[in-house]
Amino acid sequence: MAKSKADSKSTKSTKSSTSSLASIKKTTRKVLSTVKQKVTALLSPSKSKKRKGKLTGDTTSDISDVKDNSTPAPRKRPRAEVIDVDDDEIMEDAAEDSKAELARISKRWDSVAYAFFEPIPEITYVNKRRCHEFKCMARGCKYKAQWYLDTNDKASTSNLIKHVKACWGEDAWAAANECKDIDEARETVTKPLNSNGSILASFEQKGKGKVTYSHRPHTKNQTKAEIVRWVAESVWPFKIVEDRGFHSLMKTGHPEYWIPSASTVSRDVKLVFGRTWERIAKMLQEYDSLINFATDAWTSPNHHAYVAVTAHFELNGSPISLVLDIVEVPKSHTGLNLAIAFASILQDLGIEHKILSVTCDNASNNDTMTEEADSMLPAFYAVNCTRCFLHILNLVAKSLLKQFDLKEPDRSDADLSEEEQKLLDMEKESEAEERIIIDEADDDEPPDDDDFEGWVDEVEALTLEERANLDRSVIPVRQVLVKLRKLAFKLIHSTTILLPAWKECVQEHGMIVRIMPRDVATHWNSTYDMLSFAIEYQKPASALTGNQDNKLREFKLTPEEWTIAEQLQTTLKSLKDATLYFSCDTPNLPFVVPIMDRIDTLFTNALTPGKSDPAMRAAIQMAKKTLNRYYSLTDSAEVYRIAIVNYSAPPSTQAGVF
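Numbering-wise, full-length UniProt numbering puts 573 at position 573 of the sequence shown, and it's gapless, one number per residue.
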């Protein structure tokens, strides 16, 4: 019994010893593993490799001792190599690592919330913790958002967004969300708002492109800006914002939508105009070249006399045209008064010393105006006045068509031939019908007589015999024009008989149904439009006038008259094409003289016997004299000589005259 107890104690002692040994082995392995890692990190690669075998031997010995004595032998810590390190190098390397880390992290920043903070955050340390510090860009705001780089939410923008809404406002945040990236949000939202925070920020130039509309409503400032732009572009009265229908359109579905009052719109328009004036003045003052100006005067339908001045220059390779000002001049538009108004506008802008040339029409008071401006403005020389080429084309066309106007004969009716008397009667009827056309016109503006100011009647230089010969020679052309004018008038004013007959006739010839345009004496291009239409619809027109039931036989054109119509249309086409070409944005002064040369060549060719009808040659001769009158004036202008030197290639062939 005693032996059994002794055996039991021995067994327990053996188990306890075995368990203790296993625990020691496990602990020893952990210690050795830790020692290996530290030694490898401290020693150089060569020394680490050299000591590896020795360390392994020591380990085996230690484990052997543990097996024999049940206790681990004391381990000797390996001697680490001492390395000298410069503190400045450590700080420099740390700074480089921080910047590299910032550059790497910033590539993943895509939230527009960053647009409201400084683009590059500061790298700081708070309680020995490195962080990125974002400073708010709002004026007067001292808020700094700190991102600790040792946290899991270091890329979260929730705090940034929360501050943006509180500091910049919900509207600014909503506007930024409409932008495609951070750069666009910074340029179109934060910078304009930070510059003045007002309605003017909404007038930033966005460039040309497709018009898009946001699904978010306008802010108050945006609403004010859009209404200012709307009333200015569409010439609406300020009180339109108080119109019932306008309120119904704007507030239906959004009854809380804010609309400014008429007085607010009026105040905003003046504010925008004043700020825009200052910006334009500063831009023109800093422009590194001289500027071309243009001026014109006219009387409005409500009998107010105005003078306008525009500026024309090149900016970033593109032609720019700006209206500098429109001022009322409630006095006689003499050359002196026009010069005073012109000089005053330039002096107010501070650009009176930057004049290259002034373009105006050929009215005599403009000749006086340039002479007066020469004495008022030291930088301007009257010889550099540029004559409006479009106005010259108007005068040439007038000289051509004037020969076909109604003329009261010097002889009595008894001395007129039957053909001349018939033509005279038709012209008088046509003149009365034209007055009806003018009265029926939708355009309330009176005819602009300024289009023909400066015109000189070349016929006055002819002798009485030459005038009589000219009058007789142009009779065939007068007959063509009066027949077509009366036909156009009757088609429009016979809505139940002739107009349906005309439409039926056009359809029978397989053509698109159109109405013949009317010729208006104050618009020479309407004569061209009427002739072009008549030539295109010659077959249905001949069929309609040839039908006795329509009672239009007296307006039927003979083959010879159709030939004259084609010749007149061709001559006017050269003037019409040149007018359209110079009415667009691209042409400039170097093209004027070459085109005048080409028109003169066309006139010269038409004057060759056999090329045109004698009636056409007589009228073209008068038009050519007017063209040459203004062509000779270009010789004295310095700007034309510069333009000719710069002329290197013909303009676009889009105009038939070319």
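Ideal Cβ placement from N, Cα and C applies to all residues, glycine included.
Asked                                                                                                             : Found
Separation of TRP168 from TYR148, as counted between CA atoms                                                     : 24 Å
Cβ-based neighbour list, ARG130, same chain, cut-off 6 Å, excluding 5 preceding and 5 following                   : LEU149
Contact under 8 Å by Cβ, ALA138 with ASN221                                                                       : no
From LYS503, ASP288, ALA488, residue whose alpha carbon lies closest to that of VAL513                            : LYS503
Three or more C-beta pairs below 8 Å linking the region 473-493 and the region 515-534                            : yes
Chain C within 8 Å of PRO330, Cβ atoms only                                                                       : Judged by its chain identifiers, the structure shown contains no chain C, having just a single protein chain.
Residues near ARG617 by beta carbon distance below 6 Å, same chain, minus five either side                        : LEU607
Backbone CA spacing between GLN507 and HIS493 [nearest angstrom]                                                  : 20 Å
Burial state of ASN362, where buried means 16 or more other Cβ atoms lie within 10 Å                              : buried
Nearest neighbour of residue 662, chosen from ASP549, ARG598, VAL480 [CA to CA]                                   : No statement about residue 662 is possible, as the shown extent of the chain runs from 1 to 658 and does not include it.
Cβ neighbour criterion (16 or more within 10 Å) applied to ILE83                                                  : Unreliable positioning characterises ILE83 in this predicted model, as indicated by a pLDDT of 38, which lies under 50. The coordinate reading is nonetheless provided below. Under this definition ILE83 is an exposed residue.
Residue burial classification, GLN403 (beta-carbon count within 10 angstroms, cutoff 16)                          : buried
Candidates ALA637, THR495, ASN547, LYS490: closest to ASP519 by CA position                                       : LYS490
Cutoff 7 Å; reference VAL645; Cβ partners in own chain excluding five residues on either side                     : none
Identity of the residue in MET622, LEU498, ILE123 nearest ALA543 by Cα                                            : LEU498
Where GLU122 falls, given that 16 or more other Cβ within 10 Å makes a residue buried                             : exposed
Within 8 Å, strictly: CB atoms of VAL323 and ILE345                                                               : no
Spatial neighbours of ALA501 in its chain, beta-carbon cut-off 7 Å, leaving aside the 5 residues before and after : LEU544, ASN550
Residues sharing a beta bridge with GLN146, DSSP                                                                  : GLU133
LEU390 vs PHE582 beta-carbon contact at 8 Å                                                                       : yes
Which of helix, strand or coil DSSP assigns to ALA308                                                             : strand
Residue burial classification, VAL235 (beta-carbon count within 10 angstroms, cutoff 16)                          : exposed
Rounded C-alpha distance that separates ASN292 from ALA311                                                        : 6 Å
Among ILE355, ALA103, CYS385, nearest to ALA379 - alpha-carbon criterion                                          : ILE355
GLU242 beta carbon less than 8 Å from that of SER261                                                              : yes
Member of PRO540, ASP268, LEU290 whose CA lies at the smallest distance from the CA of THR223                     : ASP268
Residue 730 and GLU371 closer than 8 Å at C-beta                                                                  : Here the chain has residues from 1 to 658 only, and residue 730 is not among them.
Environment of ILE620 [buried if 16+ CB atoms lie within 10 Å]                                                    : buried
Of the listed residues LEU315, ILE326, LEU290, THR151, nearest to SER300 (C-alpha basis)                          : ILE326
Residues near LYS331 by beta carbon distance below 6 Å, same chain, minus five either side                        : ASN337
Nearest to LYS625 (by Cα), restricted to the options ASN384, VAL228, LYS191, LYS398                               : LYS398
Inter-residue spacing [alpha-carbon to alpha-carbon] between HIS303 and ILE392                                    : 26 Å
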